[in-house]
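Student: Can you keep this structure in mind? I'll have questions shortly.
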Amino acid sequence: MNEPRVALVTGSTSGIGLAIARALHADGCRIVLNGFGEPDAIAAIRAELSTAGVPADYDGADLSKPDAVVALVEGVVARHRRIDVLVNNAGIQHTARIEDFPAEQWDRILAINLSAVFHATRAALPSMQARGSGRIVNIASVHGLVASVEKSAYVAAKHGVVGLTKVTALENAESGITCNAICPGWVLTPLVERQIEARAKARGCDRDTAARELLAEKEPTLRFTRAEDIGAMVVFLAGPAGDNITGSAFTLDGGWTAR
Ligand code: NAD
């Protein structure tokens, strides 16, 4: 019997990353979790994503620290002697106009949303190249393709992720390794819930009205993209049908970027 594929999903204790980890686990992967959270909640996720009765691995590496990112990836390769799927998902947000944007928030967003993708990819490639196979999926955003006000660091980082995705794909085009980006629109996760709450407060309206306004402004379908659908897209890209798909950026955005 073939060994299960080993998949590292960064930022998988919440939101989109957790949905991706669940989808890859359902597709037969052995999961390595990463991200912050309460120990009990993380233990429950590890148990839920067990393989052959063994809880999923968990490494709480802080991705704002380059050495910790490298140690996270090297730890996976040392334990499992392989890394088949790397999903660079962890990300944070801060909103403010450029003139008011705290410099430390700029540095933190660039470190977690962009530099960590570089460090993890750089650490994973030698093992993937040696085995002649690997799948890297970077969770960018529609903000990797278009901009919105008050998101300078996030938009800059996500445009960087889309560019880095293309370079990774080209450099490894003949190595059996693919690298693609997924660009979601609004997905109802804690990251977006905080933006809805901030909007409700600023407008003096209730949460549901703020959520409807948020959608109406950007997503023609007036619907949030489901985290599960991003998980399904990662499974597709990591599976056999994704063999010759590389260097692409896929939008799951309810028509946001069609306008
Ligand atoms: P979330 O806040 O629900 O989850 C973020 C995850 O990243 C958590 O597991 C958190 O613990 C982890 N994380 C944060 N900082 C970390 C650090 N320093 N080190 C390690 N882990 C860290 O957010 P989400 O909405 O699920 O976002 C996941 C990704 O999807 C992000 O890259 C985000 O930019 C992107 N995205 C989200 C949306 C959306 O609408 N929610 C849209 C487009 C793109």
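Residues 61 to 319 (this note's numbering) are what the sequence shown spells out, left to right.
Using N, Cα and C, we set each Cβ at its ideal position, and we do this for glycine too.
Since the model is a prediction, treat every value here as computed from it, not as a measurement.
I'd like the ranges of any beta strand (DSSP E) spanning at least 3 consecutive residues and lying wholly in the stretch 63 to 109.
Tutor: Listed in chain order, they are 66 to 69, 90 to 93.
Student: Decide if SER72 is buried, meaning its Cβ has at least 16 other Cβ atoms within 10 Å, or exposed.
Tutor: Label assigned to SER72: buried.
Student: Examine the Cβ distances between the stretch 123 to 132 and the stretch 98 to 112 and report whether three or more of them are shorter than 8 angstroms.
Tutor: Contact fails: fewer than three Cβ-Cβ distances are below 8 angstroms.
Student: Assuming contact is defined by CB atoms lying nearer than 8 angstroms, are VAL177 and LEU224 in contact in what I supplied?
Tutor: The answer is yes: Cβ separation under 8 angstroms.
Student: On the three-state DSSP scale, how would you describe ILE199?
Tutor: The answer is strand: DSSP assigns ILE199 an E or B state.
Student: By Cβ distance below 6 angstroms, which residues in the same chain neighbour VAL133 in space, the five residues on each side in sequence not counted?
Tutor: These residues qualify, in order along the chain: ALA180, ALA183, ALA184.
Student: Taking the alpha helix (DSSP H) that LEU275 falls in, what are its first and last residues?
Tutor: Unbroken alpha helix (DSSP H) run through LEU275: 267 to 278.
Student: Across which residues does DSSP place PRO244 in a beta bridge pair?
Tutor: LEU312.
Student: Compute every distance between the C-beta of ASN240 and the non-hydrogen atoms of ligand 1, then say whether any falls below 7 angstroms.
Tutor: No; taking the cut-off as 7 angstroms, the Cβ of ASN240 has no heavy atom of ligand 1 nearer than that.
Student: Suppose the cutoff is 6 angstroms on Cβ atoms and the five residues either side in sequence are ignored; what does the same chain contact list for ASN198 look like?
Tutor: Around ASN198: ASN148, VAL177, VAL221, THR225, ALA241.
Student: Should GLY88 be labelled buried (16 or more other beta-carbon atoms within 10 Å of its own) or exposed?
Tutor: Looking at its Cβ environment, which holds fewer than 16 other Cβ atoms inside 10 Å, GLY88 is exposed.
Student: For the stretch 278 to 288 and the stretch 296 to 316, state whether three or more C-beta atom pairs, one from each stretch, are separated by less than 8 angstroms.
Tutor: Taking 8 angstroms as the limit for Cβ pairs, the verdict is that the stretch 296 to 316 does touch the stretch 278 to 288.
Student: Quick check on this structure: which residue in PRO300, ALA131, ALA292, PRO162 has the alpha carbon closest to the alpha carbon of ILE237?
Tutor: Nearest option by C-alpha distance: PRO300.
Student: Is ALA150 near ligand 1, in the sense that its beta carbon is under 7 angstroms from a heavy atom of that ligand?
Tutor: Under cutoff, so the answer is yes.
Student: Under the three-state reduction of DSSP, which class applies to THR249: helix, strand or coil?
Tutor: Three-state DSSP puts THR249 in coil, outside helix and strand.
Student: Taking the runs of the alpha helix (DSSP H) that are 4 residues or longer, which of them lie wholly in the stretch 116 to 164?
Tutor: Whole alpha helix (DSSP H) segments, 4+ residues: 126 to 140.
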